[in-house]
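I have placed the structure first, in the form of structure tokens, so that the comments after it can refer back to it.
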Amino acid sequence: MPDINCGRYHGFSGEKRIFETLSAFFSAGRFPHAVLFCGGNEIGRKTLADDLAQILICKKRNGFNACKECNSCIKMEKRIHPDIIYVKELSGSGKYKVEILREEIRRGSYLPNDGELRIYIFADVDTMSEICQNTLLKFIEEPKSFNRFIFTAESDRAVLPTILSRVVSIRSDELGDDNVSEETSESQNLVLEIAEQAVRALSERDEYMLTVALSRVKTREIMLSMLTLLPEKIRNSIFYKNNVLFKDFNLEKLIKIFKKLEVYIKEQDFNPNLTLISAAYSAGIFEEVQD
Ligand SMILES: [Zn+2]
């Protein structure tokens, strides 16, 4: 566990849960290539982004902790690491510029300077213009194996769904159910979007896509609706889509998936924390998908 000093992530609550989740991805060898820290307080989000970058780039990492002593860690703390790129700061104006994004995309195809990874930090991605977001999309759609992307946003409402559908979202606990439960139709659309993405992910046996889809679940109500909808969506896609989806799934495998979903639906009453269960569900469902 990183040194979670009291107040280090001031205003972005849930740090223990966040590091447990990230650490679980990491130790399973399934660390997402794109992570979004969303909600809470600006300083908390940016501190988290920096700490995650340092853990990923550290050369003497111990578990999921940065050593804070190696060359990489020291360069990172001085903000002079050549492979950690604060994209928003490159323009000098405090705003994203499309030409700078294009240049970074071009440079992003070269190998990192110092180590195995290059980390792009996109602060306040919700302040990006639509043109910039569309440009960025090309960057994260087919990422090079050595590039990682860390985003922060006050809210994901101004972030394009096409981007959200490719990043693992991690929300501050303070963005509670109250903030989103009012917008019923928005929630229903989200349930549908997530369910459709999950169906595609299952059909294509793409665990990353499934993790991303479930990370978009903002409340326990949305999780429950989505889990309940999923079997129907899977059945529909088998019967009405000319067998394009799930064509190499036998009945036994589908039944296993449905049973797993039933277990998770029953669990909804007592399981405490959303990001952690999203990650666990995605791994659990995926177990049933594999041969
Ligand atoms: Zn280090």
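Just add 2 to the spot in the sequence shown (first one is 1) and you have the numbering used here. Don't be surprised by glycine CBs; every beta carbon is placed ideally from N, CA and C.
If you compare the alpha carbons of 19, 56, 113, 210 with that of residue 82, the shortest gap goes to 56. Apart from sequence neighbours up to five positions away, the residues of its chain that approach residue 140 with a beta-carbon distance below 7 Å are 107, ordered along the chain.
Linking residue 249 to residue 241 through their CA atoms gives a straight-line distance of about 11 Å. Just so you know, the alpha carbons of residue 123 and residue 221 end up roughly 27 Å apart. The Cβ atoms of residue 168 and residue 148 lie no closer than 8 Å to each other. Cβ neighbours of residue 118 within its own chain (closer than 8 Å, five residues either side excluded): 148. Listed in chain order, the alpha helix (DSSP H) runs fully inside the stretch 60-115 are 73-79, 100-109, counting runs of at least 4 residues.
Shortest gap from the CB of residue 55 to any heavy atom of ligand 1: 7 Å or more. In this structure, ligand 1 has no non-hydrogen atom nearer than 7 Å to the beta-carbon of residue 206. In the DSSP annotation of this structure, residue 154 is not part of any alpha helix (DSSP H); the continuous beta strand (DSSP E) holding it starts and ends at 149-155.
Ranked by Cα distance from residue 233, the first of 211, 223, 252, 200 is 200. For the set 207, 224, 174, the Cα lying nearest the Cα of residue 187 is the one of 224.
According to the DSSP assignment, residue 122 belongs to the beta strand (DSSP E) that extends over 120-124. Judged by beta-carbon spacing, residue 39 lies beyond the 8 Å limit of residue 32, meaning their Cβ atoms are not closer than that value. Listed in chain order, the alpha helix (DSSP H) runs fully inside the stretch 198-253 are 209-217, 222-242, counting runs of at least 4 residues. Cβ neighbours of residue 208 within its own chain (closer than 7 Å, five residues either side excluded): none. Here DSSP, grouped into helix, strand and coil, assigns residue 38 to strand. Closest in alpha carbon position to residue 156, among 142, 269, 171, 150, is 171. The criterion of a C-beta distance shorter than 8 Å is not satisfied by residue 89 and residue 128. Residue pairing of residue 172 in beta bridges, as defined by DSSP: 39. Annotation for residue 283: the continuous alpha helix (DSSP H) segment containing it runs 276-291. Residue state for residue 167 is assigned as coil, using DSSP reduced to three classes.
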